[in-house]
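Visitor:
Protein chains: 2
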Amino acid sequence: MIATGTGEDARLTLRTPASVDIFTRILTHGPIGRIDVGRQTGLSQAAVTKTVAPLLLDGIVAVDRPLAGTVPAGAAPGRPVHPLRVVPSARLVLGVKVNPDEVIGVATGMTAGILHVVRRPLASTSPAAVIGAVASVAEELGLLLGDRASRLIGLGVAVSGDVDTATGIVRDSPLLGWRGVPLAHPLAARLGVPVRVDNDVRALTIAEHWFGVGRDSGSFAVVTIGSGIGCGLYLNDDVVSGAHGVAGELGHLPLASLDAVCVCGRRGCVEAVASSGAVLRAVRAATDAPLLTLAEAAGLAREGVPGAVAAFDRAGTAIGAALAIVANLTGPDTVLVAGEGMQEFELYERTIRTTFAAHAFGAAADCVLVTRAHTFEDWARGAAASLIRAAVRQEF
Amino acid sequence: MIATGTGEDARLTLRTPASVDIFTRILTHGPIGRIDVGRQTGLSQAAVTKTVAPLLLDGIVAVDRPLAGTVPAGAAPGRPVHPLRVVPSARLVLGVKVNPDEVIGVATGMTAGILHVVRRPLASTSPAAVIGAVASVAEELGLLLGDRASRLIGLGVAVSGDVDTATGIVRDSPLLGWRGVPLAHPLAARLGVPVRVDNDVRALTIAEHWFGVGRDSGSFAVVTIGSGIGCGLYLNDDVVSGAHGVAGELGHLPLASLDAVCVCGRRGCVEAVASSGAVLRAVRAATDAPLLTLAEAAGLAREGVPGAVAAFDRAGTAIGAALAIVANLTGPDTVLVAGEGMQEFELYERTIRTTFAAHAFGAAADCVLVTRAHTFEDWARGAAASLIRAAVRQEF
DNA sequence: TCGAATTATTTGACAGCATCAATTATTGCT
DNA sequence: AGCAATAATTGATGCTGTCAAATAATTCGA
Chain A
1 MIATGTGEDA RLTLRTPASV DIFTRILTHG PIGRIDVGRQ TGLSQAAVTK TVAPLLLDGI
61 VAVDRPLAGT VPAGAAPGRP VHPLRVVPSA RLVLGVKVNP DEVIGVATGM TAGILHVVRR
121 PLASTSPAAV IGAVASVAEE LGLLLGDRAS RLIGLGVAVS GDVDTATGIV RDSPLLGWRG
181 VPLAHPLAAR LGVPVRVDND VRALTIAEHW FGVGRDSGSF AVVTIGSGIG CGLYLNDDVV
241 SGAHGVAGEL GHLPLASLDA VCVCGRRGCV EAVASSGAVL RAVRAATDAP LLTLAEAAGL
301 AREGVPGAVA AFDRAGTAIG AALAIVANLT GPDTVLVAGE GMQEFELYER TIRTTFAAHA
361 FGAAADCVLV TRAHTFEDWA RGAAASLIRA AVRQEF
Chain B
1 MIATGTGEDA RLTLRTPASV DIFTRILTHG PIGRIDVGRQ TGLSQAAVTK TVAPLLLDGI
61 VAVDRPLAGT VPAGAAPGRP VHPLRVVPSA RLVLGVKVNP DEVIGVATGM TAGILHVVRR
121 PLASTSPAAV IGAVASVAEE LGLLLGDRAS RLIGLGVAVS GDVDTATGIV RDSPLLGWRG
181 VPLAHPLAAR LGVPVRVDND VRALTIAEHW FGVGRDSGSF AVVTIGSGIG CGLYLNDDVV
241 SGAHGVAGEL GHLPLASLDA VCVCGRRGCV EAVASSGAVL RAVRAATDAP LLTLAEAAGL
301 AREGVPGAVA AFDRAGTAIG AALAIVANLT GPDTVLVAGE GMQEFELYER TIRTTFAAHA
361 FGAAADCVLV TRAHTFEDWA RGAAASLIRA AVRQEF
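So the protein lines, in turn, are chains A and B. Numbering of the first sequence is given in the working numbering, commencing with residue 1 and proceeding in unit increments. Numbering of the second sequence is given in the working numbering, commencing with residue 1 and proceeding in unit increments.
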């Protein structure tokens with residue numbers, strides 16, 4: 001149990017679809033005036049006023065001081081906007097990312113801003129061990145929150161693989177060696193808060209769409225480059241889950257002229273060339289240097305060591321081709337290329353953009369590529385975002 | 001002008017989103033009882049009764065004779081279901097597909113069943129010539145319909161390329177050599193009915209999702225194999241249009257170990273190996289036979305001529321890989337592989353399935369592949385389906 | 001300093017729509 | 001014929017979003 005007290009009044013109540021839309025708009029696009037909320041949701045101003053009233057009472061939405069006079073010259077006359085925004089600390093959320101060797105948890109507010117971080121190494125990936133670690137991380141975060149834990153609305157858990165968010169069961173996770181492991185129920189029973197389990201890339205995509213670069217995009221993709229390579233899609237204003245729980249498998253597509261054999265046993269996979277491990281191996285092989293980290297390999301490439309430069313170029317080419325596939329097939333307006341803990345994007349970026357441009361067809365070439373380094377905590381933040389979205393959409 | 005009479009009462013009026021859902025359910029899944037409609041739309045039975053009442057009066061929905069007694073043994077007791085269905089002939093629709101050398105038009109009912117077909121060769125692809133040909137085909141179809149033309153709800157036009165359906169402007173169509181050609185307005189002005197212009201593959205995808213194999217799928221893809229190779233996506237119960245008007249570009253992805261140079265100048269494109277033209281060229285080159293048609297090339301392959309067999313196998317491999325990309329990335333439960341006028345699927349099919357299985361990752365392998373031959377008229381039927389969908393969804 | 005113009009927000013009457021629960025309809029089985 | 005079971009209808013009810021008018025808060029000019 002985390003929330004020893006009531007915890008009941010932490011629930012978000014947004015009865016109608018319209019109020020969900022209104023609240024979502026304020027959450028993701030606030031501070032914002034009521035008229036703009038109405039325009040952007042297709043509802044009347046009156047509906048906004050009436051929906052927001054109880055939320056103001058609850059304290060989850062606040063009105064900023066009208067910014068009169070602050071806009072100095074040539075400002076339009078008239079009553080100034082009373083900007084609405086969601087109060088981040090009005091509700092709290094936990095997000096936990098499960099890695100094979102470690103569990104990382106964060107506590108965040110309503111806008112997925114990180115308040116606390118707790119990490120715990122994992123000796124085994126057995127369901128019992130993982131559930132224990134996740135629960136203990138959550139409980140520690142609960143202690144860190146103190147009194148505020150009564151405002152907790154739930155726990156999001158991000159796991160790699162095929163996850164059924166509706167039942168909270170991990171159907172298949174090759175990375176953890178799991179098949180059909182129920183995760184949400186045992187955790188919810190132990191912690192006493194709603195638990196949502198989601199695929200890690202999907203969760204990250206939700207975070208970026210609601211709180212990151214995808215905020216104004218109705219058609220958005222996230223490509224993650226790390227030890228594996230994945231892809232999350234947000235199309236038609238909804239996250240793509242795949243009929244069988246998985247979508248966005250990008251690392252093992254049969255791509256052009258990639259000769260390296262992948263861990264999956266096939267040739268031509270992007271992961272076999274562009275995953276952090278693959279780049280590291282390629283640089284090691286080409287330079288005979290006893291490298292330990294990717295940062296060291298990047299150092300060699302920056303110095304211009306040919307083998308290292310070639311390895312990064314090959315990776316960039318593969319990534320660029322993969323991005324072109326995503327853009328051509330799904331037509332997003334924005335693609336975020338994110339790598340965990342990577343400061344090495346400048347080494348890839350030119351190659352990525354060149355290859356992408358060479359393979360993007362027609363209007364797909366108009367797609368904006370955004371590259372960004374990620375921290376490990378961002379995955380846990382994604383888990384929190386997935387729970388926030390579920391809570392806002394009244395899915396539990 | 002097609003509808004010389006009123007034509008006004010041909011409009012579909014479905015005031016609320018709920019009634020749109022109810023009507024759509026009856027249209028795509030009828031004959032169906034009221035209770036099932038309620039269950040499947042998440043609405044109450046009462047809502048179904050009340051929504052359907054005016055539609056019965058209008059005549060666009062009919063009640064089949066209750067099938068009492070027809071279910072002989074062990075049938076559940078109780079009042080029998082009064083199955084609802086949409087009356088196909090209650091409204092009529094025109095669909096026209098624009099090819100570079102020909103315009104094909106069909107007249108259909110509400111369920112996109114083809115009533116008449118009109119073809120007209122095209123001497124030029126200039127906008128004026130195409131608009132003239134489309135209009136004349138539509139007018140001829142109007143004459144074929146006679147009195148019934150007053151029940152016409154509109155004209156759908158399917159064009160290859162980047163189409164803005166909201167404005168009816170063809171933004172970019174390499175095949176026709178068009179850029180920014182307004183198509184809907186001039187046609188609507190001349191014909192006096194609503195006109196909807198859509199991308200051809202997208203239109204076909206709508207037809208298959210509403211009236212074909214995708215009916216029970218919320219996550220569905222269509223891959224078209226013909227002179228070009230395309231892909232349409234229906235995810236999260238909505239057709240994917242792409243932020244810039246195009247999605248589903250599949251023919252020019254950089255795929256593994258395809259050496260042939262494509263018309264687009266790149267290597268590795270599926271189209272360079274698997275389009276009907278590419279197969280034909282490959283068989284010609286390998287056998288020195290003076291082949292004219294793909295059917296003749298298929299004949300050689302069936303006889304076991306090595307070069308011909310190899311060409312079809314290479315095409316099947318490329319198609320299978322392309323399907324795996326679609327399945328891995330978007331996770332549909334069903335993919336329809338459709339080729340225009342092709343009876344040669346048996347030659348590819350084994351290779352397609354083998355390659356697909358080899359590259360489909362995890363749950364994506366559960367995706368059901370359906371292969372089917374297409375006629376040229378099916379494209380025009382797709383155009384009609386796109387208009388039907390727009391009309392039902394009250395988009396004009 | 002005042003008032004006109006302008007824009008934002010609130011208010012209350014109103015209408016539409018879906019639900020609920022009770023009623024009616026129609027069958028199979030005994 | 002009567003009972004059990006399922007389907008469809010009906011009318012009262014309540015909620016919710018819209019509309020149009022009123023109110024609020026500002027800038028600008030006289």
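Don't be surprised by glycine CBs; every beta carbon is placed ideally from N, CA and C. Here the structure is a predicted model, which means the values were calculated and not measured.
Does DSSP classify His-244 (chain B) as helix, strand or coil?
Guide: Your numbering for residue 244 (chain B) matches position 244 in the second sequence. Three-state DSSP puts His-244 (chain B) in coil, outside helix and strand.
Visitor: Given a cut-off of 9 Å, decide if Ala-373 (chain A) and Gly-320 (chain A) are closer than it, judged by their beta-carbon atoms.
Guide: If you number the first sequence from 1, residue 320 (chain A) lands on position 320. If you number the first sequence from 1, residue 373 (chain A) lands on position 373. Result no, Cβ atoms of Gly-320 (chain A) and Ala-373 (chain A) do not sit closer than 9 Å.
Visitor: Does the CB of Thr-334 (chain A) have a neighbour CB from chain B at under 9 Å?
Guide: Against the first sequence, residue 334 (chain A) aligns to sequence position 334. With 9 Å as the cut-off, Thr-334 (chain A) counts as an interface residue toward chain B.
Visitor: Give me the chain A residues within the contact set of Ile-325 (chain B), using Cβ-Cβ distance strictly less than 8 Å, ordered along the chain.
Guide: Residue mapping note: residue 325 (chain B) aligns to position 325 of the second sequence, counting from 1. Simply Leu-253, Pro-254, Ile-325, Leu-329.
Visitor: Please classify Arg-11 (chain B) as buried or exposed, where buried requires at least 16 other C-beta atoms within 10 Å of its C-beta.
Guide: By 1-based counting over the second sequence, the position of residue 11 (chain B) is 11. Arg-11 (chain B) should be labelled exposed.
Visitor: What in chain B is Cβ-close to Leu-43 (chain A), meaning under 8 Å?
Guide: Taking the first residue of the first sequence as 1, we reach residue 43 (chain A) at position 43. Going along chain B, no residue has its Cβ under 8 Å from Leu-43 (chain A), so there is no contact; the nearest lies around 14 Å.
Visitor: Gly-362 (chain A): which of B:Val-134, B:Val-163, B:Gly-78 sits nearest, CA to CA?
Guide: For the purposes of this step, residue 362 (chain A) is taken as residue 362 along the first sequence, with counting starting at 1. Minimum Cα distance to Gly-362 (chain A) is reached at B:Val-163.
Visitor: Which chain A residues sit within Cβ distance under 7 Å of Cys-238 (chain B)?
Guide: Working through the second sequence from its first residue, we reach residue 238 (chain B) at position 238. A small correction: the amino acid at residue 238 (chain B) is Asp; Cys does not occupy that position in the sequence shown. Ordered by position in chain A, the residues that pass the 7 Å Cβ test against Asp-238 (chain B) are Asn-236.
Visitor: To which residues of the same chain is Ala-390 (chain A) closer than 7 Å at the C-beta, ignoring the five residues directly before and after it?
Guide: Here residue 390 (chain A) is taken as the residue at index 390 of the first sequence, counted from 1. Within the same chain, Ala-390 (chain A) has close Cβ partners Arg-196, Phe-396.
Visitor: Buried or exposed: where does Val-335 (chain A) fall if 16 or more other Cβ atoms within 10 Å of its Cβ makes it buried?
Guide: The count along the first sequence starts at 1 and reaches residue 335 (chain A) at position 335. Classification of Val-335 (chain A): buried, given that the 10 Å Cβ count is 16 or more.
Visitor: Measuring CB to CB, does Gly-42 (chain B) end up less than 9 Å from Ala-243 (chain A)?
Guide: Within the second sequence, residue 42 (chain B) is the residue found at index 42, counting from 1. Within the first sequence, residue 243 (chain A) is the residue found at index 243, counting from 1. Judged by beta-carbon spacing, Ala-243 (chain A) lies beyond the 9 Å limit of Gly-42 (chain B), meaning their Cβ atoms are not closer than that value.
Visitor: Tell me, to the nearest whole angstrom, how far the beta carbon of Leu-152 (chain B) is from that of Leu-94 (chain B); I am working on the premise that it is less than 8 Å.
Guide: Here residue 152 (chain B) refers to the residue found at position 152 of the second sequence. Here residue 94 (chain B) refers to the residue found at position 94 of the second sequence. That belief holds up - the Cβ atoms of Leu-152 (chain B) and Leu-94 (chain B) are roughly 7 Å apart, short of 8 Å.
Visitor: For Ala-358 (chain B), which residues from the same chain have a beta carbon less than 8 Å from its beta carbon, with the 5 sequence-adjacent residues on both sides left out?
Guide: Position 358 of the second sequence, counting from 1, holds the residue named residue 358 (chain B). Excluding sequence neighbours, Ala-358 (chain B) sits near Gly-320, Ala-324.
Visitor: Spatial neighbours of Thr-287 (chain A) within its chain, please: C-beta separation below 7 Å, excluding the five flanking residues on both sides.
Guide: Working through the first sequence from its first residue, we reach residue 287 (chain A) at position 287. Leu-300, Val-305, Gly-307, Ala-308.
Visitor: Does the Cβ of Ala-62 (chain B) lie closer than 8 Å to at least one heavy atom of the ligand PLP?
Guide: Here there are no bound small molecules, and the ligand PLP is not part of this structure.
Visitor: On the DSSP letters alone, give me the boundaries of the beta strand (DSSP E) that Asp-162 (chain B) sits inside.
Guide: The residue given as residue 162 (chain B) occupies position 162 in the second sequence. Counting along the chain, the beta strand (DSSP E) containing Asp-162 (chain B) begins and ends at 162-164.
Visitor: Arg-317 (chain A): which of A:Thr-24, A:Val-270, A:Pro-186 sits nearest, CA to CA?
Guide: Reading the first sequence from its first residue, position 317 is the one you call residue 317 (chain A). Reading the sequence as shown, one finds Thr at residue 317 (chain A) and not Arg. Selected option, being the one with the closest Cα: A:Val-270.
Visitor: Quick one: Cα of Val-63 (chain B) to Cα of Ile-22 (chain B), how far?
Guide: As a position in the second sequence, residue 63 (chain B) is number 63, starting the count at 1. As a position in the second sequence, residue 22 (chain B) is number 22, starting the count at 1. Looking at the two C-alpha atoms, the distance is approximately 15 Å.
Visitor: For a test of the three-state rule: what should DSSP assign to Thr-6 (chain A), helix, strand or coil?
Guide: Within the first sequence, residue 6 (chain A) is the residue found at index 6, counting from 1. Low per-residue confidence applies at Thr-6 (chain A): pLDDT is 45, beneath 50, and the placement is therefore not dependable, though the value from the model is reported in the following sentence. Coil at Thr-6 (chain A), not helix or strand.
Visitor: Beta carbons nearer than 7 Å to chain A: which residues of the stretch 154-176 of chain B have them?
Guide: Asp-162, Asp-172
Visitor: Per the contact definition of three or more C-beta pairs closer than 8 Å, is the stretch 166-174 of chain B in contact with the stretch 139-154 of chain B?
Guide: No: the two stretches stay apart, fewer than three of their Cβ pairs being nearer than 8 Å.
Visitor: Around the C-beta of His-185 (chain B), are 16 or more other C-beta atoms found within 10 angstroms, so that it is buried, or is it exposed?
Guide: In the second sequence, the residue the question calls residue 185 (chain B) occupies position 185. With fewer than 16 other Cβ atoms within 10 Å, it is exposed.
Visitor: Would you say Val-244 (chain B) lies against chain A (beta-carbon separation less than 9 Å)?
Guide: By one-based count along the second sequence, residue 244 (chain B) stands at place 244. Reading off the sequence, residue 244 (chain B) comes out as His, not Val. Judged by the 9 Å Cβ criterion, His-244 (chain B) is in contact with chain A.
Visitor: Determine, for Ser-89 (chain B), whether the minimum Cβ-Cβ distance to residues of chain A falls below 9 Å.
Guide: Counting from one through the second sequence, the residue named residue 89 (chain B) turns up at place 89. No - not a single Cβ of chain A is within 9 Å of the one on Ser-89 (chain B).
Visitor: Can you give me the Cβ contacts of Asp-9 (chain A) inside the same chain, cut-off strictly under 7 Å, excluding the 5 residues immediately before and after it?
Guide: Along the first sequence, read from residue 1 onward, the residue named residue 9 (chain A) stands at position 9. Taken in chain order, the list of residues that qualify is empty.
Visitor: Ser-219 (chain B) versus chain A: which residues are under 7 Å apart at the beta carbon?
Guide: As a first step, residue 219 (chain B) is located in the second sequence; it is residue number 219 there, counting from the start. Those within 7 Å of Ser-219 (chain B) in chain A are Gly-242, Ala-243.
Visitor: Around the Cβ of Thr-209 (chain A), are there at least 16 other Cβ atoms within 10 angstroms (buried) or fewer (exposed)?
Guide: Here residue 209 (chain A) corresponds to residue number 209 of the first sequence, with the count starting at 1. Before going on, a small fix: residue 209 (chain A) reads as His here, not Thr. That one is buried.
Visitor: Run through chain A and tell me which residues come within less than 7 Å of Asp-366 (chain B), C-beta to C-beta.
Guide: Locating residue 366 (chain B) in the second sequence gives position 366, where the first residue counts as 1. Per Cβ cutoff of 7 Å: His-244.
Visitor: What residue ranges within the stretch 178-217 of chain B form continuous alpha helix (DSSP H) runs of no fewer than 4 residues, ordered along the chain?
Guide: 184-191, 200-211
Visitor: Mind checking the stretch 353-385 of chain A against chain B and listing, in chain order, the residues whose C-beta falls within less than 8 Å of any C-beta there?
Guide: Ala-358, His-359, Phe-361, Gly-362, Ala-363, Ala-364, Asp-366, Cys-367
Visitor: Please report the straight-line C-alpha distance between Asp-315 (chain A) and Ala-327 (chain A), rounded to a whole angstrom.
Guide: Here residue 315 (chain A) refers to the residue found at position 315 of the first sequence. Here residue 327 (chain A) refers to the residue found at position 327 of the first sequence. In the sequence on display, residue 315 (chain A) carries Ala and not Asp. Roughly 18 Å between the two C-alpha positions.
Visitor: Starting from the beta carbon of Leu-250 (chain A), find every residue of chain B whose beta carbon is closer than 8 Å, and list them in chain order.
Guide: Numbered from 1 along the first sequence, position 250 holds the residue referred to as residue 250 (chain A). Simply Asn-328, Leu-329.
Visitor: In chain B, which residues lie with their C-beta within 7 Å of the C-beta of Ala-247 (chain A)?
Guide: Locating residue 247 (chain A) in the first sequence gives position 247, counting from the first residue. What Ala-247 (chain A) touches in chain B: Leu-329, Thr-330, Gly-331.
Visitor: Tell me the DSSP secondary structure of Phe-23 (chain A) in three-state form.
Guide: Position 23 of the first sequence, counted from the start, is the residue given in the question as residue 23 (chain A). DSSP places Phe-23 (chain A) in helix when its eight states are reduced to three.
Visitor: Between the stretch 346-353 of chain A and the stretch 378-387 of chain A, are three or more C-beta pairs nearer than 8 Å?
Guide: no
Visitor: Using only the alpha-carbon positions, how far apart do Thr-302 (chain A) and Ala-278 (chain A) sit?
Guide: Taking the first sequence and counting its residues from 1, the one referred to as residue 302 (chain A) is at position 302. Taking the first sequence and counting its residues from 1, the one referred to as residue 278 (chain A) is at position 278. A small correction: the amino acid at residue 302 (chain A) is Arg; Thr does not occupy that position in the sequence shown. Taking the straight line from one Cα to the other gives about 18 Å.
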